[in-house]
């Protein structure tokens, strides 16, 4: 009897508290980005530049029916939680053995899914039928589900949710169908919705004047990638997606707020504190959802609270995250033809004529972007911001499209790779506040990005490519120190954790989850 | 032959006939904006380019020609429905694999001869087990590519050698010089098919130097080096290489 009582007490204590999330013990990987500041820099250093050559595969788990996973594992006390659309798996982080799996119904065929959140004793995941689902972290049992939006309207939820202070923050997709975006907060215990922030302002609200006529009604602006959070300022930072129709700006004249913006929301109320729009009136589908990385660093001799982002439009931005003020911006790509620079306020100076046309217009970077969903990293030890990115151009076309409800593409046509200039991916290291390129690593033969980066206190940057090669680079020089052929295109970001004194590096590659550790 | 197969063959023949008549109608009504053979015009999109199309179904294409596209320069056509359908068949044939489109004019057998002799195509290209290996196997090329693509391949300079066919010269640490085409590479290894037809598997740290030739080995002026008849026959031959769709 006494023994049973002990067990009951043990299981009712929460695994992951807000304090845990604030502290972000490096043995765990507790959020999509590892920590609220999204630096993706781990203090683990068992694996370092001197011994990384001895890194070997520890285990592989093949997710049934998966194709190209974009999910990033979350790890709590050695248990690794990873998702694919409609499914979540709990794996033993030491052996790769499955502990439980959850299958969501109805299983709509929409993807990808980019990961889960953990809070208390629950695991949270967004679903293709636009729900937020809470599972028991120990069993995979369904605890509650909350409807984000109507799946029959075409909405779905690919982003990993973010857990803060008893709330689960969840975003929505897709703006490309003319469905307006929002960001939601739910009570972590009950699933009750606490607030909703609408990405497209309604008539009478500030920002609605940036949409001609009724174009705001199908304006898009979705929230399909996880943001970051500053606990001291209590601000959530979230990148907002593209306006719709994507390639035809004539029918939505104006700046089209808050598409292509970084927004800072009060985490308690969901109220907008500030915004910064990277690409006003975008016509190239350059979603500004890329990860906002929070760093405190000196600018002109004064330590500032910064938010930095490598944007899909090709510019690297440094903002003051207390107020959204633009501090610096410069291209991190060499092939850029749509803007000649940025104004002192950070607004792009457009090159006339570089916009989609019926004939097709050469546009650099391509619509797929200089970078995209895969995560960058920042190392406080080198002071460098690392980005996995692509050089290349597209030919962009436009036409006239009509909004159709029910989740029908509302893009007004699209783009192709420029046949004259094949795409090429790189890892580039930028100086934090100047954006100057310190080194680059060309991924020979790779043209499709998708593999994010991990920085570790071992002086390493882990990177992947579209050929399935997973590589450890020297964070200071970009020199390749180790590599492993995972065999499948990598379109997810790596993580690290430790269990019983052993450091692991793990990532999804194709349909597999692969973990590495030093050979005994 | 079962009834379904007969019906499909009959409908394929009808499609080919419609597409051919559609081509004539298209060149009367559509080229001003959309260009010759769907390449590109001054005011309308290329209808047979490498891009995503908003309208791909028979119905969508029919509707946009019959009723025009609101908000654009595309007008409603005064042609009778039967003629509009023929134009639709032609546009769809532009986007389809060569084998599914109406046969091009020309003599297939004479085209085979050009392929084997004056064209010297077989030096590099395999055809049903006969030929070279430096270029792609063409045994079913008409199933994989459109006639327009094949015409471009024979007549237009290529800005880059295609993946898997880039000529390289490299020197190993032992001083061996290897010439061939690069089948694949990444930061740590290279796979090269050398001039002797041998696959060479190399780690990057085993080579001292590598020179990439941007120029494809594929000649690009067959419309000038062959007579018009020879070129027509070669196109006729190439666009029949593959199993007929059943």
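Protein chains in written order, with my numbering: chain W, 1 to 520; chain H, 521 to 766. We put the beta carbon where it would ideally sit given N, CA and C, even for glycine. This one's a predicted model, so the numbers in the text were calculated from it and none came from an experiment.
If we ignore side chains and look at the alpha-carbon of each, how far apart do residue i and residue j end up?
i, j, result
"residue 303 of chain W", "residue 296 of chain W", "7 Å"
"residue 204 of chain W", "residue 183 of chain W", "20 Å"
"residue 434 of chain W", "residue 490 of chain W", "30 Å"
"residue 416 of chain W", "residue 190 of chain W", "46 Å"
"residue 249 of chain W", "residue 452 of chain W", "31 Å"
"residue 414 of chain W", "residue 269 of chain W", "37 Å"
"residue 161 of chain W", "residue 53 of chain W", "35 Å"
"residue 598 of chain H", "residue 586 of chain H", "7 Å"
"residue 658 of chain H", "residue 513 of chain W", "38 Å"
"residue 637 of chain H", "residue 674 of chain H", "16 Å"
"residue 95 of chain W", "residue 449 of chain W", "29 Å"
"residue 760 of chain H", "residue 627 of chain H", "11 Å"
"residue 128 of chain W", "residue 233 of chain W", "33 Å"
"residue 479 of chain W", "residue 463 of chain W", "12 Å"
"residue 537 of chain H", "residue 623 of chain H", "10 Å"
"residue 56 of chain W", "residue 430 of chain W", "29 Å"
"residue 195 of chain W", "residue 493 of chain W", "30 Å"
"residue 326 of chain W", "residue 197 of chain W", "23 Å"
"residue 564 of chain H", "residue 400 of chain W", "12 Å"
"residue 345 of chain W", "residue 358 of chain W", "32 Å"
"residue 202 of chain W", "residue 229 of chain W", "26 Å"
Name the residue from the options whose alpha carbon lies nearest to the alpha carbon of residue i.
i, options, result
"residue 352 of chain W", "W:345, W:363, W:358", "W:363"
"residue 319 of chain W", "W:340, W:335, W:294, W:284", "W:294"
"residue 455 of chain W", "W:511, W:147, W:359, W:476", "W:476"
"residue 187 of chain W", "W:314, W:90, W:208, W:164", "W:164"
"residue 224 of chain W", "W:255, W:216, W:175, W:197", "W:175"
"residue 610 of chain H", "H:551, H:677, H:629, H:714", "H:551"
"residue 695 of chain H", "H:757, H:726, H:714", "H:726"
"residue 366 of chain W", "W:395, W:480, W:192", "W:395"
"residue 721 of chain H", "H:699, H:627, H:709", "H:709"
"residue 237 of chain W", "W:154, W:322, W:281", "W:322"
"residue 427 of chain W", "W:86, W:384, W:404", "W:384"
"residue 298 of chain W", "W:307, W:312, W:279, W:291", "W:307"
"residue 92 of chain W", "W:59, W:290, W:334, W:436", "W:59"
"residue 378 of chain W", "W:421, W:292, W:485", "W:292"
"residue 655 of chain H", "H:683, H:592, H:698, H:612", "H:683"
"residue 46 of chain W", "W:177, W:23, W:458, W:180", "W:458"
"residue 354 of chain W", "W:337, W:436, W:342", "W:337"
"residue 642 of chain H", "H:549, H:743, H:738", "H:738"
"residue 581 of chain H", "H:692, H:612, H:554, H:732", "H:612"
Exposed or buried, what is residue i when buried is set at 16 or more other beta-carbons lying within 10 Å of its beta-carbon?
i, result
"residue 701 of chain H", "buried"
"residue 398 of chain W", "buried"
"residue 765 of chain H", "Its pLDDT being 40, under 50, residue 765 of chain H is placed unreliably in this model, and the coordinates cannot settle the point."
"residue 259 of chain W", "buried"
"residue 372 of chain W", "buried"
"residue 520 of chain W", "exposed"
"residue 39 of chain W", "buried"
"residue 473 of chain W", "buried"
"residue 705 of chain H", "buried"
"residue 215 of chain W", "buried"
"residue 10 of chain W", "Model confidence at residue 10 of chain W stands at a pLDDT of 47, short of 50, so the residue's coordinates are unreliable and nothing is read from them."
"residue 741 of chain H", "exposed"
"residue 596 of chain H", "exposed"
"residue 63 of chain W", "buried"
Which residues in chain W have a C-beta closer than 8 Å to the C-beta of residue i? List them in chain order.
i, result
"residue 589 of chain H", "399, 400"
Which chain W residues sit within Cβ distance under 9 Å of residue i?
i, result
"residue 592 of chain H", "358, 399, 400"
Identify the contact partners of residue i in chain H, using a Cβ-Cβ distance below 7 Å as the criterion.
i, result
"residue 420 of chain W", "679"
"residue 509 of chain W", "Residues of chain H passing the Cβ test: none, with the nearest at roughly 14 Å."
"residue 467 of chain W", "706"
What residues of chain W sit near residue i, judged by a beta carbon separation below 7 Å?
i, result
"residue 564 of chain H", "358"
So which residues on chain H does residue i lean against when the C-beta distance must stay under 8 Å?
i, result
"residue 480 of chain W", "707, 708"
"residue 483 of chain W", "707, 708"
Which chain H residues are close to residue i, counting only those with a beta carbon under 9 Å from its beta carbon?
i, result
"residue 443 of chain W", "706, 707"
Given 8 Å, three or more beta-carbon pairs between the region 541-550 of chain H and the region 591-609 of chain H: The region 541-550 of chain H makes contact with the region 591-609 of chain H: 3 or more CB pairs, one atom from each, lie closer than 8 Å.
Interfacial residues, the region 166-197 of chain W to chain A, with Cβ spacing under 7 Å: In the structure shown, chain A does not exist; the protein chains are W and H.
Inter-stretch contact at 8 Å, needing at least 3 Cβ pairs: the region 140-152 of chain W / the region 94-112 of chain W: Touching, yes.
Given 8 Å, three or more beta-carbon pairs between the region 25-33 of chain W and the region 492-505 of chain W: Segments in contact, yes.
Cβ pair count under 8 Å reaching 3, the region 104-115 of chain W against the region 66-86 of chain W: Yes, since at least three Cβ pairs between the region 104-115 of chain W and the region 66-86 of chain W fall closer than 8 Å, the two stretches touch.
The region 662-676 of chain H in contact with the region 744-757 of chain H per 3-pair CB rule at 8 Å: Contact between the region 662-676 of chain H and the region 744-757 of chain H is present, because at least three Cβ pairs lie under 8 Å.
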